[in-house]
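What follows is a set of notes on a single structure, which appears directly below.
2 protein chains.
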Amino acid sequence: MANIGAHSGGKRVKNGHETLVASPGMTLAESLRQKLEGAIAAGHLEPGSRLDEQEIAQRFGVSRTPVREAFRLMAANNLVELRGRQGATVRSIKAQALIEMFQVMAELEGLCARLAARRVSQAWRTEIGEIHQRLVAAGETGDIDVFYDINQEFHEAIYEASRNSFLADQTRKLRNQVAAYRRRVTRMPNRIVDTVREHEAIMQAILAHDPERAHSAMRDHVSLLGDNLLDFLAAFE
Amino acid sequence: MANIGAHSGGKRVKNGHETLVASPGMTLAESLRQKLEGAIAAGHLEPGSRLDEQEIAQRFGVSRTPVREAFRLMAANNLVELRGRQGATVRSIKAQALIEMFQVMAELEGLCARLAARRVSQAWRTEIGEIHQRLVAAGETGDIDVFYDINQEFHEAIYEASRNSFLADQTRKLRNQVAAYRRRVTRMPNRIVDTVREHEAIMQAILAHDPERAHSAMRDHVSLLGDNLLDFLAAFE
DNA sequence: ATACCAATATAAGTATACATATTGGTCCTC
DNA sequence: GAGGACCAATATGTATACTTATATTGGTAT
């Protein structure tokens with residue numbers, strides 16, 4: 001059974017309710033959204049599993065209203081599916097949809113890389129280099145979770161370097177949608193060494209101010225990831 | 001208490017209230033969203049103007065709850081801005097943000113065109129031709145609103161032809177976000193004749209199964225629109 | 001025995017009542 | 001006279017009660 005906060009090391013409060021981080025100035029619905037999206041991305045909530053308004057409301061000790069709003073928020077991010085009068089379920093992405101999403105993501109991340117190549121600053125050069133070094137180190141250590149996080153940092157740095165905050169936002173959202181599936185791929189045999197090599201190609205192209213090469217390198221990187229993911233899923237079904 | 005919804009399925013018409021087309025199987029919140037988004041896209045609701053929960057609830061003769069949900073839905077589409085405890089306002093997009101959005105849109109629509117070029121069917125050839133003919137006719141008539149709608153149809157047809165429903169969705173959403181600003185541009189001097197010419201280039205590339213040319217033609221088309229838009233905005237500020 | 005219809009139960013959609021935060025105005029003090 | 005603080009009004013966030021739709025289950029009829 002997917003217990004949302006089971007691993008979050010969360011502080012618990014009265015009556016066994018899980019606590020919502022008491023972020024001041026933040027609405028309950030928003031707090032719930034963060035909590036639930038985190039649970040989905042981390043895989044604690046399986047795709048396809050049903051989200052019960054009442055159950056979640058009880059679990060967090062709030063009324064149904066903020067829960068409903070949180071569902072709407074997440075539905076807008078394509079993280080849950082709302083079927084009228086039939087409840088909300090964690091969106092389970094079918095292989096066909098994954099292909100489509102990676103196709104779009106490849107293009108968006110490619111655009112990030114292209115823009116980054118035109119706009120890199122000196123400070124950014126050192127920053128990305130430092131991130132990459134840590135990625136290599138994590139790869140040698142073999143700590144998958146750390147590797148995954150640093151990988152995320154690398155891509156995030158490129159989003160920022162594109163200096164297009166709307167693009168960065170869109171790309172981030174998309175990345176988030178497939179996060180639940182991506183995390184599994186990192187564990188595939190050659191994925192770590194491949195990732196490091198592909199990142200190097202991307203980095204070099206950007207640092208060489210070669211937008212086209214940066215674009216295609218990034219596109220290949222993301223597409224390959226998508227292909228790997230599909231292989232992985234195919235092996236299961 | 002007057003229970004307005006005591007009947008099922010009927011159109012709800014209450015004295016002095018605007019009617020909400022009660023599309024069966026559709027929630028009030030969703031109907032409201034469509035209505036309000038339409039009003040925003042059509043320019044009846046100025047960017048920056050405040051949306052009052054109570055006022056809208058009264059105007060449509062519903063309670064605040066579905067209004068709130070509609071706001072959340074629209075906020076997720078980046079059409080309104082929600083500031084905690086400070087109400088909702090129609091999102092006003094700054095020039096900088098518009099540049100960014102058009103950059104992304106150019107890439108996405110470009111991808112649509114590229115995919116379409118690889119996947120056109122015979123039926124689609126005749127369909128797009130028919131749409132284009134109508135566009136030309138509207139251009140000669142000079143009916144701006146009709147022209148605008150047919151233009152939309154043209155792009156929509158290409159979204160569909162990409163056979164990537166996720167991509168189509170994303171692109172549609174983005175187009176919707178800037179719709180309020182775009183509609184003004186159609187009225188600019190040479191926009192109609194330019195549009196027709198550019199559409200022809202795009203169409204030819206797609207029908208010739210030339211993905212790269214289709215991509216760049218579409219990108220130029222959308223980007224040019226962005227440049228025009230910026231001229232338009234610059235003239236105002 | 002199977003299929004279809006009806007009834008009941010359960011959960012989502014909606015309404016309303018209540019709590020709380022923000023805003024604006026007024027009054028008091030410096 | 002100006003600025004700050006406090007109070008009141010208003011609107012949003014939240015809770016709860018109620019309505020409606022859908023799904024499931026059981027019974028009856030073919």
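Going down the list, the protein sequences come from chains A and B.
Counting with the UniProt record's numbering, you get residues 1 to 237 for the letters of the first sequence.
Counting with the UniProt record's numbering, you get residues 1 to 237 for the letters of the second sequence.
Ideal placement from N, C-alpha and C gives every residue a C-beta, glycine not left out.
These numbers were taken from a predicted model, which means no experiment stands behind them.
- Distance from the CA of LEU98(B) to the CA of VAL178(B), rounded to the nearest whole angstrom, comes to 8 Å.
- Judged by their CB atoms, ARG187(B) and ILE144(B) are nearer to each other than the 8 Å cut-off.
- For PRO211(A), the number of other beta carbons within 10 angstroms of its own is at least 16, and it is reported as buried.
- For GLN103(A), the chain B residues whose Cβ falls inside 9 Å of its Cβ are LEU111, LEU115, ASN164, PHE166, LEU167, in order along the chain.
- Taking a C-beta distance under 8 Å as the contact criterion, VAL222(B) and MET105(B) qualify as a contact pair.
- DSSP lists no beta-bridge partner residue for VAL193(B).
- In this structure, DSSP gives ALA70(A) a helical state, which the three-state scheme calls helix.
- For the 8 Å CB-CB criterion, ILE40(B) and LEU73(B) do not form a contact.
- Shown here, ALA41(A) sits in a helix according to DSSP, grouped into three states.
- At a cut-off of 8 Å between beta-carbon atoms, LEU207(B) makes no contact with chain A.
- At the C-beta level, ILE128(B) and ALA168(B) stay beyond 8 Å of one another.
- For GLN170(A), the chain B residues whose Cβ falls inside 7 Å of its Cβ are VAL104, in order along the chain.
- Between THR27(B) and GLY84(A) the beta-carbon gap is near 6 Å, inside 8 Å, which marks them as a contact.
- Taking one beta carbon from each stretch, the segment 112-131 of chain A and the segment 87-95 of chain A have fewer than 3 pairs nearer than 8 Å; the two do not touch.
- Contacts with chain A at 8 Å (Cβ-Cβ) include ALA97(B).
- No Cβ of chain A is located within less than 8 Å of the beta carbon of ASN176(B).
- Rounded to whole angstroms, ARG172(A) and GLN103(A) show a C-alpha spacing of 15 Å.
- Taking every protein chain shown into account, the CB of GLY226(A) has 16 or more other CB atoms within 10 angstroms, so this residue is buried.
- The beta carbon of VAL196(B) sits closer than 7 Å to those of LEU135, VAL136, GLY139, all from its chain and outside the five residues before and after it, given in chain order.
- Buried is the label assigned to SER162(B), since at least 16 other Cβ atoms lie within 10 Å of its Cβ.
- Shown in chain order are the members of the segment 55-73 of chain A whose Cβ falls below 7 Å from a Cβ of chain B: GLU69, ARG72, LEU73.
- LEU45(A) is not a Cβ neighbour of PHE71(A), given a cutoff of 8 Å.
- Cβ neighbours of GLU200(B) within its own chain (closer than 8 Å, five residues either side excluded): HIS132.
- Using a Cβ-Cβ cut-off of 8 Å, ASN77(A) is close to ALA76 of chain B, given in chain order.
- Each residue's CA atom was taken as its position, placing ASP220(B) and ARG183(B) some 19 Å apart.
- Residues of the segment 129-147 of chain A with a C-beta atom less than 7 Å from some C-beta of chain B do not occur.
- Identification of chain A residues near GLU37(B) by a Cβ-Cβ cut-off of 8 Å yields none; the smallest Cβ-Cβ distance measures about 13 Å.
- For PHE154(A), same chain residues with a beta-carbon under 8 Å away, outside a window of 5 residues either side, are ILE128, ILE131, HIS132, LEU135, HIS199 in chain order.
- ALA113(A) sits in a helix when the DSSP states are folded into three classes.
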